[in-house]
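Each remark here refers to the structure printed beneath this line.
Residue numbers (the working numbering): 3 to 444.
As structure tokens, this is what we get:
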């Protein structure tokens, strides 16, 4: 029997993955915190960043699903010691992805105002959201490229270089955010909400350039687009398509959450923006252990080592749940200061504090769901992930939200719906994994 994947091995992958993973939400949190503290129209600015950021995240996560697909296939070929068979695959899928993201950016520019009206945005919030999106979305192809490179490194069982890229990009973004939003007297004019968008685009460009250099120097892949298509391109595209549908279902839930919050009023969408940024930060933090599932499960499947695959699922669940409980404890201790970090508006803070405890309490639930989400991504079981999100969104989240809205629960309805959503995701994936892989360990 092969030795179990040790705690040291798990954390050697998980800790850099956690640091790399929180970079993207940290960019958004930086925007949210700085924009929420501007002198002119802080509530409207915060709401606009929340709405535009939500739509950008929807596009990004639909396109970025190929990161998991690339990672899973590379890991399986690594486990089978056949990497030469897929040396042309990364370059082909990255070229397709970047071309698609550029096309989507161009198309959305023409309809962005109509899109944000669907989120119930109007007046100053609508104007701010449109201005922010038009600049920030320039970075979409850059981020898609960077995350695709992260997928290559993860497939090769390497989370170190994605961590380095993420740290440097995040630090650059924070510095530029402050300088561009508030300005530096005599050097840089204060650009308000547009400054936050420019800061993010420059940071994304820097990360993409660094990713290109490192993938060429540190991996066997050259990223050159060549014909004919690799034999695995069909499986990768099919895997990506199912993950696209999954991400679409996920973002339908996020759309309804933000649309309903906007409908309740400016204070509610501002509070929702803060709550969701914190939720997203925790999700990516815990996702470090989910990433280990994504990275290692593909290799174990390639090796047909089902016993250690089962043991990995148990260990990752314990570690992720423990981290989630620590995060819960920290948040309860810093309940008031966390809200004040984002805004000083009393009405927004009162609304936020009313639902923050729900965001905190659902973290252990999220931890388990994310671990099994990562395992199934690594196993390339995209159909299971697709069906799980569709069921959780349309039979869990939306009905719970509509019922809560009917009874006037407002933002509480949104976060009760999120809790139901995550509970269903967790239960379906746990039972599916147990049913399929427990019997293979004997």
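Just so it is clear, CB atoms sit at the ideal spot from N, CA and C, and this is done for glycine as well.
8 Å Cβ cutoff met for residue i and residue j
| i | j | result |
| --- | --- | --- |
| residue 131 | residue 113 | no |
| residue 12 | residue 317 | yes |
| residue 413 | residue 266 | yes |
| residue 304 | residue 377 | no |
| residue 361 | residue 280 | yes |
| residue 17 | residue 290 | yes |
| residue 181 | residue 37 | no |
| residue 424 | residue 363 | no |
| residue 100 | residue 143 | yes |
| residue 204 | residue 170 | no |
| residue 75 | residue 382 | yes |
| residue 196 | residue 134 | yes |
| residue 40 | residue 217 | no |
| residue 398 | residue 422 | yes |
| residue 419 | residue 403 | yes |
| residue 31 | residue 283 | yes |
Backbone CA spacing between residue i and residue j [nearest angstrom]
| i | j | result |
| --- | --- | --- |
| residue 73 | residue 241 | 11 Å |
| residue 122 | residue 273 | 16 Å |
| residue 313 | residue 433 | 16 Å |
| residue 107 | residue 246 | 17 Å |
| residue 176 | residue 61 | 23 Å |
| residue 355 | residue 194 | 26 Å |
| residue 70 | residue 161 | 14 Å |
| residue 358 | residue 222 | 46 Å |
| residue 253 | residue 396 | 12 Å |
| residue 93 | residue 233 | 13 Å |
| residue 104 | residue 207 | 14 Å |
| residue 372 | residue 285 | 8 Å |
| residue 329 | residue 85 | 39 Å |
| residue 244 | residue 186 | 47 Å |
| residue 239 | residue 146 | 16 Å |
| residue 57 | residue 229 | 34 Å |
| residue 1 | residue 174 | The requested residue 1 does not occur in the structure, where the chain is confined to residues 3 to 444. |
| residue 248 | residue 384 | 8 Å |
| residue 343 | residue 88 | 47 Å |
| residue 442 | residue 315 | 14 Å |
| residue 306 | residue 297 | 15 Å |
| residue 82 | residue 157 | 12 Å |
| residue 263 | residue 410 | 12 Å |
| residue 102 | residue 237 | 18 Å |
| residue 224 | residue 153 | 15 Å |
| residue 339 | residue 407 | 29 Å |
| residue 387 | residue 251 | 11 Å |
| residue 327 | residue 120 | 37 Å |
| residue 259 | residue 353 | 15 Å |
| residue 190 | residue 271 | 31 Å |
| residue 347 | residue 275 | 14 Å |
| residue 435 | residue 78 | 18 Å |
| residue 109 | residue 278 | 27 Å |
| residue 311 | residue 302 | 6 Å |
| residue 235 | residue 220 | 23 Å |
| residue 59 | residue 429 | 25 Å |
Member of the options whose CA lies at the smallest distance from the CA of residue i
| i | options | result |
| --- | --- | --- |
| residue 427 | 405, 369, 382 and 416 | 369 |
| residue 127 | 54, 59 and 190 | 54 |
| residue 292 | 269, 231, 251 and 379 | 379 |
| residue 227 | 14, 42, 87 and 96 | 96 |
| residue 1 | 235, 320 and 440 | Since the displayed the chain opens at 3 and closes at 444, residue 1 lies outside it and no answer follows. |
| residue 324 | 218, 288, 344 and 297 | 288 |
| residue 321 | 43, 41, 171 and 367 | 367 |
| residue 255 | 34, 435, 416 and 15 | 416 |
| residue 42 | 404, 409 and 345 | 345 |
| residue 129 | 115, 139 and 307 | 115 |
| residue 269 | 32, 44, 59 and 78 | 44 |
| residue 341 | 14, 10 and 35 | 35 |
| residue 80 | 353, 196 and 155 | 155 |
| residue 33 | 411, 399, 236 and 202 | 202 |
| residue 15 | 138, 159 and 231 | 159 |
| residue 91 | 63, 150 and 188 | 150 |
| residue 200 | 277, 138, 172 and 231 | 138 |
| residue 124 | 435, 110 and 261 | 261 |
| residue 148 | 276, 68, 278 and 401 | 68 |
Bridge partners - residue i, DSSP secondary structure assignment
| i | result |
| --- | --- |
| residue 186 | 190 |
Residue i beta carbon near the ligand COA (any heavy atom closer than 7 Å)
| i | result |
| --- | --- |
| residue 255 | Although the ligand COA was asked about, the structure shown includes no ligands whatsoever. |
Query raised in the report: Would you call the segment 206-215 and the segment 34-54 touching, i.e. three or more CB-CB distances under 8 Å?
Result: Judged by Cβ distances under 8 Å, the segment 206-215 makes no contact with the segment 34-54, as fewer than three pairs qualify.
Query raised in the report: Can you find at least 3 beta carbon pairs, one from the segment 14-22 and one from the segment 150-167, that sit closer than 8 Å?
Result: Contact holds: three or more Cβ-Cβ distances are below 8 Å.
**Report entry** Stretch-stretch touch, CB-based, cutoff 8 Å, three pairs: the segment 332-345 with the segment 391-404
**Finding:** They do not touch, by the three-pair rule.
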